[in-house]
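Trainee: From first to last, the protein sequence lines stand for chains A and B. For reference, each letter of the first sequence is one residue, going 14 to 238 in this note's numbering. For reference, each letter of the second sequence is one residue, going 13 to 523 in this note's numbering. All C-beta atoms in this analysis are idealised placements derived from N, C-alpha and C, irrespective of residue type, glycine included. Predicted, not measured: the structure shown is a model, and the values here were computed from it.
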Amino acid sequence: MATLTDHDVPIGELLGDGGYPPIIPDPPGGGGEGDGDRHRPSRGNSRSAAVIGIFVMMCASTMTFSALVSAMVVRRGLNGMDWQRIELPSILWWNTAILLLSSVSLDIARRLLRKQKRREFNYFWTAGVLMGSWFLVGQVIAWYQLKEKGFWLAGNLNSAFFYVLTWAHAAHVIGALAAVLYVEYRALRFTLGPSGRTWVEVSAIFWHFLDLLWLALMALFVFWA
Amino acid sequence: MLSTEKRTIARQYFFLSLFAVVFGVALSILMRFHLVYPQTPVGWFEAIWPVKASGGIMTPELSLSLMTLHGTIMVFFVLTLAPLNAFGNLVLPEQLGSGRMAFPRLNMLSFWTVVLSFLLLLASFTCQDGGPLSGWTAYPPLSALGAIAGPGQGLGQTLWFFSIGVFCISATLSSINFIATVIELRAPGMTLMQMPLPCWNWFVTAILSLLSFPVLLAAGLLILLDRLAGTAFFLPTGGGSPLLWQHLFWFFGHPEVYIAILPGMGIVSHIISVFSGKPIFGYKAMVFATIAIAFLGLLVWGHHMFISGLSPYSAIAFSVLTMAIGAPSAVKTFNWLATLWGARLDLTTSLLFCLGFVSIFVTGGLSGLFLGQPQIDAYFHDTYFVVAHFHMIMGIAALFGIFAATFYWFPLMFGRKLNERLGKLHFYLTFVLAYATFLPMHFAGFAGNPRRYADFTTFEFLQPILPLQKGISHAAFTLAGVQVIFLLNLFLSLRRGPAIEWTGDTGTWQR
Chain A
14 MATLTDHDVP
24 IGELLGDGGY
34 PPIIPDPPGG
44 GGEGDGDRHR
54 PSRGNSRSAA
64 VIGIFVMMCA
74 STMTFSALVS
84 AMVVRRGLNG
94 MDWQRIELPS
104 ILWWNTAILL
114 LSSVSLDIAR
124 RLLRKQKRRE
134 FNYFWTAGVL
144 MGSWFLVGQV
154 IAWYQLKEKG
164 FWLAGNLNSA
174 FFYVLTWAHA
184 AHVIGALAAV
194 LYVEYRALRF
204 TLGPSGRTWV
214 EVSAIFWHFL
224 DLLWLALMAL
234 FVFWA
Chain B
13 MLSTEKRTIA
23 RQYFFLSLFA
33 VVFGVALSIL
43 MRFHLVYPQT
53 PVGWFEAIWP
63 VKASGGIMTP
73 ELSLSLMTLH
83 GTIMVFFVLT
93 LAPLNAFGNL
103 VLPEQLGSGR
113 MAFPRLNMLS
123 FWTVVLSFLL
133 LLASFTCQDG
143 GPLSGWTAYP
153 PLSALGAIAG
163 PGQGLGQTLW
173 FFSIGVFCIS
183 ATLSSINFIA
193 TVIELRAPGM
203 TLMQMPLPCW
213 NWFVTAILSL
223 LSFPVLLAAG
233 LLILLDRLAG
243 TAFFLPTGGG
253 SPLLWQHLFW
263 FFGHPEVYIA
273 ILPGMGIVSH
283 IISVFSGKPI
293 FGYKAMVFAT
303 IAIAFLGLLV
313 WGHHMFISGL
323 SPYSAIAFSV
333 LTMAIGAPSA
343 VKTFNWLATL
353 WGARLDLTTS
363 LLFCLGFVSI
373 FVTGGLSGLF
383 LGQPQIDAYF
393 HDTYFVVAHF
403 HMIMGIAALF
413 GIFAATFYWF
423 PLMFGRKLNE
433 RLGKLHFYLT
443 FVLAYATFLP
453 MHFAGFAGNP
463 RRYADFTTFE
473 FLQPILPLQK
483 GISHAAFTLA
493 GVQVIFLLNL
503 FLSLRRGPAI
513 EWTGDTGTWQ
523 R
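So this is what it looks like as structure tokens:
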């Protein structure tokens with residue numbers, strides 16, 4: 014089996030400044046797609062393992078959020094009388110929009126890379142990274158605004174759950190942002206080899222997951238809490 | 013140190029667990045001593061704890077913090093790490109034919125995360141106002157209040173929660189690794205139903221870990237906010253509910269029992285089959301029984317809460333589901349017996365430990381059928397009957413699985429063999445003394461002896477139990493003492509044990 018770890022020669026540097034280097038093709042022997050499960054020549058392809066890993070990771074995150082949300086649901090069900098509504102800061106809607114846009118942008122970039130369009134990949138990926146970072150800034154503003162209105166951790170369970178859930182989500186976004194920035198760093202140096210493209214796939218999948226998670230949380234806050 | 017090689021990581025986990033188990037046993041000895049001789053001064057207690065054991069007599073807080081640390085260390089750092097992470101990392105890649113785990117760096121990261129968690133736990137014990145004393149279940153409201161709740165509830169308890177939170181992260185990371193390895197790195201052509209049984213058990217255990225540890229992490233996050241940021245998720249004064257913690261905790265806590273025991277079942281199945289000289293009886297039934305136990309294990313957390321004001325209707329549901337676990341467990345037991353039936357047994361130490369496992373698993377499992385019924389549990393709850401039950405099934409049975417694996421796979425781990433004669437001596441003494449320690453606890457439970465008391469000698473109704481409890485303590489001291497044989501065997505064999513000879517190209521060694 015061909016070695017599937019980093020063979021990321023910084024070709025960009027080798028070639029000098031003239032033009033964008035071609036993409037190193039995936040090594041043969043189990044690219045993940047189109048392979049028969051039984052008879053593939055070599056198992057243990059690092060990309061498909063990484064994709065499975067990230068899906069398993071998403072299950073774990075889902076369990077954490079399910080626990081937090083069910084705690085909120087159970088608590089409200091215990092005694093609905095003392096459950097105070099909170100006014101959601103309107104910036105949350107902008108944050109939602111920008112998170113969705115960042116996801117779209119990252120996914121366009123991912124598809125462009127498959128078509129070997131590295132320059133366009135860099136544009137869209139950078140846009141995605143910037144929007145993702147802006148989402149975090151927007152969240153901080155939202156927390157600040159909510160705190161200004163007097164909703165903080167103590168004294169109001171609804172807002173306490175709001176902070177816990179949005180913080181947990183933001184922690185996930187920070188983790189995902191680190192991965193996305195790592196891709197960005199390699200993309201700008203044109204060193205996205207096969208393992209780099211694994212990072213692209215995996216971080217994009219996880220980013221979409223964070224979208225879904227955020228939409229679910231917003232639905233919870235708007236319609237239910 | 014920062015190795016990403018799976019065998020090195022397996023050894024690291026093995027030695028961490030070994031250290032933890034020695035420490036945990038030492039704590040239990042001190043605790044058992046205090047329980048039956050609370051007023052007997054011991055000079056060196058005072059040397060270790062000048063304030064909390066002044067005059068050589070332990071304070072109740074100290075005794076309870078010893079109990080808490082014993083439980084936490086044993087459950088998390090011994091019973092979770094050794095069967096799954098130490099032997100799983102060692103053997104799973106070999107049995108799958110991959111020779112490596114899917115994510116070696118993640119593997120290294122999860123080991124060092126668990127070391128951090130262990131250090132935090134030890135630090136919690138050295139706090140000025142005492143170590144945490146709320147048991148390994150850490151029920152609020154007391155555990156959510158902070159220092160105001162009494163000694164040991166300050167910084168010590170906070171560090172304890174941080175330790176558990178970090179452990180959850182580590183366990184989640186390693187379960188991701190195990191699941192991805194099983195799905196992706198099986199040898200070409202090996203279907204899931206062709207995997208050796210230990211692989212199935214590690215796989216299912218990893219799935220259980222993945223589903224339960226994130227929930228404990230969420231619960232830990234909430235309770236830390238209660239302690240540090242003034243929220244009231246679990247505090248009735250602020251509108252919270254302490255019962256919420258019990259639901260979240262036991263949603264993790266019950267699967268945790270299976271996280272400890274399932275790898276042992278896989279190991280036992282494998283070793284029994286090897287030394288009986290025949291394939292395991294009912295492979296498919298074993299696989300489905302493993303899956304059934306894990307699935308049902310996720311649905312029965314309520315049986316820990318029968319007397320917490322749970323609705324009787326849900327108690328019936330939890331009870332019926334709990335009883336249902338008896339069915340796949342019986343399937344496993346009968347399959348082990350059927351494999352042994354008529355075989356010319358090669359009675360090696362590891363097979364002896366497997367036979368011991370089956371015996372103790374049945375004993376511990378039967379008392380579970382009592383506790384799983386709400387009416388009977390109303391009496392037995394929080395008595396020594398419960399202590400006897402979980403020490404049998406989760407403690408000793410899982411530990412026998414670990415011993416069996418250690419004797420069987422020691423050559424794979426260190427390239428040398430353990431001494432069989434010392435091993436057999438160790439087994440017979442351990443087996444008898446384990447029963448001598450934990451069987452009488454059932455009787456203490458019948459008599460209504462409550463658990464988690466630092467000192468019960470002053471209660472008149474428990475006076476008749478005192479001789480029994482003294483007997484248990486002495487059996488426990490002897491049980492701990494004979495473990496020296498194992499340690500001796502281990503460290504002598506590491507240096508002088510016979511090196512293994514590999515048999516041709518089959519990847520096995522000559523016994």
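#1: From Glu106/B to Ala342/B, what distance separates their C-alpha atoms?
#2: Name the two residues that bound the continuous alpha helix (DSSP H) containing Pro207/A.
#3: Thr211/A and Arg60/A look like a contact to me (Cβ under 8 Å); what is the Cβ gap, rounded to whole Å?
#4: Just the C-alpha distance for Phe123/B and Met425/B, rounded to the nearest angstrom, thanks.
#5: Would you say the region 300–314 of chain B touches the region 362–378 of chain B, given that touching needs at least three Cβ pairs under 8 Å?
#6: On a Cα-Cα basis, can you pick out the residue from Arg433/B, Ile273/B and Val494/B that is closest to Val216/B?
#7: Quick check: what's the CA-CA separation for Gly57/A versus Ile319/B?
#8: Can you give me the start and stop residues for the alpha helix (DSSP H) that Gln107/B sits inside?
#9: Going by DSSP in three states, Ala199/B sits in which element: helix, strand or coil?
#10: Among the residues of its own chain, which have a CB less than 8 Å from the CB of Glu161/A, if the five just before and after it don't count?
#11: If Ala173/A sits next to Leu223/A, beta carbons under 8 Å apart, how far is it from one beta carbon to the other, in whole angstroms?
#12: Tell me the DSSP secondary structure of Arg428/B in three-state form.
#13: Whole angstroms are fine: how far does the CA of Phe89/B sit from the CA of Leu131/B?
#14: On the DSSP bridge assignment, give the partners of Gln395/B in chain order.
#15: In chain order, what residues of the same chain lie with their CB nearer than 7 Å to the CB of Ala409/B, ignoring the 5 residues before and after it?
#16: Would you say the region 434–441 of chain B touches the region 483–503 of chain B, given that touching needs at least three Cβ pairs under 8 Å?
#17: Answer with buried or exposed for Leu228/A, where buried requires no fewer than 16 other C-beta atoms within 10 angstroms of its C-beta.
#18: Can you give the Cα-Cα distance for Phe263/B and Phe293/B, rounded to whole angstroms?
#19: For the pair the region 138–146 of chain A and the region 108–126 of chain A, tell me if three or more CB-CB distances fall below 8 Å.
#20: Measuring only between beta-carbons, confirm whether Gly206/A sits less than 8 Å from chain B.
#21: In the DSSP assignment, the alpha helix (DSSP H) including Ser307/B goes from what residue to what residue?
#22: Within this structure, are the beta carbons of Gly142/B and Gly168/B separated by less than 8 Å?
#23: Taking Cβ positions only, does Val87/A come closer than 8 Å to chain B?
#24: How would you label Ala559/B, buried or exposed, when you count the other beta carbons within 10 angstroms and need 16 or more for buried?
#25: Taking the CB atoms as reference points, tell me whether Phe397/B and Phe468/B lie closer together than 8 Å.
#26: Just to confirm my understanding: we take Met207/B, look at its own chain, exclude 5 residues before and 5 after, and list those with CB closer than 8 Å. What are they?
#27: Grouping DSSP H, G and I as helix and E and B as strand, with all else coil, what is Ala511/B?
#28: Can you check the region 48–123 of chain A for any alpha helix (DSSP H) of at least 4 residues that lies completely inside it and give the ranges in chain order?
#29: Would you say Ile191/B reaches chain A, if we count a Cβ-Cβ gap shorter than 8 Å as a contact?
#30: Determine which residues of the region 123–155 of chain B have a Cβ less than 7 Å from any Cβ of chain A, and write them out in chain order.
#31: I'd like to check one pair, Ser40/B with Ala488/B: are the Cβ atoms closer than 8 Å?
#32: Is the beta carbon of Ala98/B less than 8 Å from the beta carbon of Ala22/B?
#33: Mind listing, in chain order, the continuous alpha helix (DSSP H) runs of no fewer than 4 residues lying wholly within the region 368–412 of chain B?
#34: Around the C-beta of Ala390/B, are 16 or more other C-beta atoms found within 10 angstroms, so that it is buried, or is it exposed?
#35: Round the Cβ separation of Gly413/B and Pro210/B to the nearest angstrom and send it over; I've been treating them as touching at under 8 Å.
#36: Report the CB separation of Leu220/B from Tyr295/B in whole angstroms; it is logged as a contact under 8 Å.
Mentor: Taking the definition as stated:
#1: To locate residue 106/B, count along the second sequence from 1; it is residue 94. To locate residue 342/B, count along the second sequence from 1; it is residue 330. Going from the Cα of Glu106/B to the Cα of Ala342/B covers about 29 Å.
#2: Sequence index remark: in the first sequence, residue 207/A carries index 194 (1-based). Pro207 to Ala232 is the extent of the alpha helix (DSSP H) around Pro207/A.
#3: In the first sequence, counting from the first residue as 1, residue 211/A sits at position 198. In the first sequence, counting from the first residue as 1, residue 60/A sits at position 47. With a Cβ gap of about 5 Å, Thr211/A and Arg60/A count as contacting.
#4: Residue numbering aside, residue 123/B sits at position 111 when the second sequence is read from its first letter. Residue numbering aside, residue 425/B sits at position 413 when the second sequence is read from its first letter. The alpha-carbon atoms of Phe123/B and Met425/B are separated by roughly 17 Å.
#5: no
#6: Position 204 of the second sequence, counted from the start, is the residue given in the question as residue 216/B. Proximity to Val216/B across Arg433/B, Ile273/B and Val494/B peaks at Ile273/B, based on C-alpha coordinates.
#7: The residue given as residue 57/A occupies position 44 in the first sequence. The residue given as residue 319/B occupies position 307 in the second sequence. Below a pLDDT of 50, predicted positions are generally treated as unreliable, and Gly57/A, at 48, falls in that range; the measurement from the model is reported next regardless. Rounded to whole angstroms, Gly57/A to Ile319/B spans 49 Å at the Cα level.
#8: For the purposes of this step, residue 107/B is taken as residue 95 along the second sequence, with counting starting at 1. Phe99 to Leu108 is the extent of the alpha helix (DSSP H) around Gln107/B.
#9: Locating residue 199/B in the second sequence gives position 187, counting from the first residue. Looking at Ala199/B - three-state DSSP - the assignment turns out to be coil, as it is neither helix nor strand.
#10: Counting from one through the first sequence, the residue named residue 161/A turns up at place 148. So the list is empty, once near-sequence residues are dropped.
#11: Start at 1 with the first residue of the first sequence, and residue 173/A comes out as number 160. Start at 1 with the first residue of the first sequence, and residue 223/A comes out as number 210. Contact flag wrong, Cβ pair sits at about 22 Å.
#12: Mapped onto the second sequence, residue 428/B falls at position 416. Arg428/B falls in the strand class under three-state DSSP.
#13: As a first step, residue 131/B must be located in the second sequence, where it is residue number 119. As a first step, residue 89/B must be located in the second sequence, where it is residue number 77. So the alpha carbons of these two residues sit roughly 11 Å apart.
#14: Along the second sequence, read from residue 1 onward, the residue named residue 395/B stands at position 383. The sequence given here has Thr at residue 395/B, not Gln. For Thr395/B, which the question treats as bridged, DSSP gives the partners Pro462/B.
#15: On the second sequence, residue 409/B is found 397 positions in, with the first residue counted as 1. Around Ala409/B: Ile273, Gly276, Phe369, Ile372, Phe373 and Gly376.
#16: The region 434–441 of chain B, when compared against the region 483–503 of chain B, does touch it at the 8 Å Cβ threshold.
#17: Here the question's residue 228/A lines up with position 215 in the first sequence. Leu228/A should be labelled exposed.
#18: Counting from one through the second sequence, the residue named residue 263/B turns up at place 251. Counting from one through the second sequence, the residue named residue 293/B turns up at place 281. Distance between the alpha carbons of Phe263/B and Phe293/B is about 33 Å.
#19: The region 138–146 of chain A, when compared against the region 108–126 of chain A, does touch it at the 8 Å Cβ threshold.
#20: If you number the first sequence from 1, residue 206/A lands on position 193. No, because no Cβ of chain B sits closer than 8 Å to the Cβ of Gly206/A.
#21: As a working note, residue 307/B is residue 295 in the second sequence. Per the sequence shown, residue 307/B should be read as Phe rather than Ser. Per DSSP, Phe307/B belongs to the alpha helix (DSSP H) from Tyr295 to Gly309.
#22: As a working mapping, residue 142/B is identified with position 130 in the second sequence. As a working mapping, residue 168/B is identified with position 156 in the second sequence. Yes, the Cβ-Cβ distance between Gly142/B and Gly168/B is below 8 Å.
#23: Within the first sequence, numbered from 1, the residue matching residue 87/A stands at position 74. For Val87/A, the answer is yes, since a Cβ of chain B falls inside 8 Å of its Cβ.
#24: Since the first residue of chain B shown is 13 and the last is 523, residue 559/B is not available in this structure.
#25: Counted from its first residue, the second sequence places residue 397/B at position 385. Counted from its first residue, the second sequence places residue 468/B at position 456. It is not a contact, given that the beta carbons lie outside the stated cut-off.
#26: In the second sequence, the residue the question calls residue 207/B occupies position 195. Closer than 8 Å at Cβ, skipping near neighbours: Gln107, Leu108, Val194, Arg198 and Phe215.
#27: Working through the second sequence from its first residue, we reach residue 511/B at position 499. Residue state, collapsed to three classes: strand.
#28: 59–91
#29: Residue numbering aside, residue 191/B sits at position 179 when the second sequence is read from its first letter. So yes, Ile191/B belongs to the interface.
#30: none
#31: Mapped onto the second sequence, residue 488/B falls at position 476. Mapped onto the second sequence, residue 40/B falls at position 28. Yes. Within cutoff.
#32: The residue given as residue 98/B occupies position 86 in the second sequence. The residue given as residue 22/B occupies position 10 in the second sequence. Against a cut-off of 8 Å, the Cβ pair of Ala22/B and Ala98/B comes out as a contact.
#33: 386–392 and 396–402
#34: The residue labelled residue 390/B in the question sits at position 378 within the second sequence. Exposed, since its Cβ has fewer than 16 Cβ neighbours within 10 Å.
#35: Your numbering for residue 413/B matches position 401 in the second sequence. Your numbering for residue 210/B matches position 198 in the second sequence. So it is not a contact: roughly 10 Å between Cβ atoms.
#36: Here the question's residue 220/B lines up with position 208 in the second sequence. Here the question's residue 295/B lines up with position 283 in the second sequence. With a Cβ gap of about 21 Å, Leu220/B and Tyr295/B do not count as contacting.
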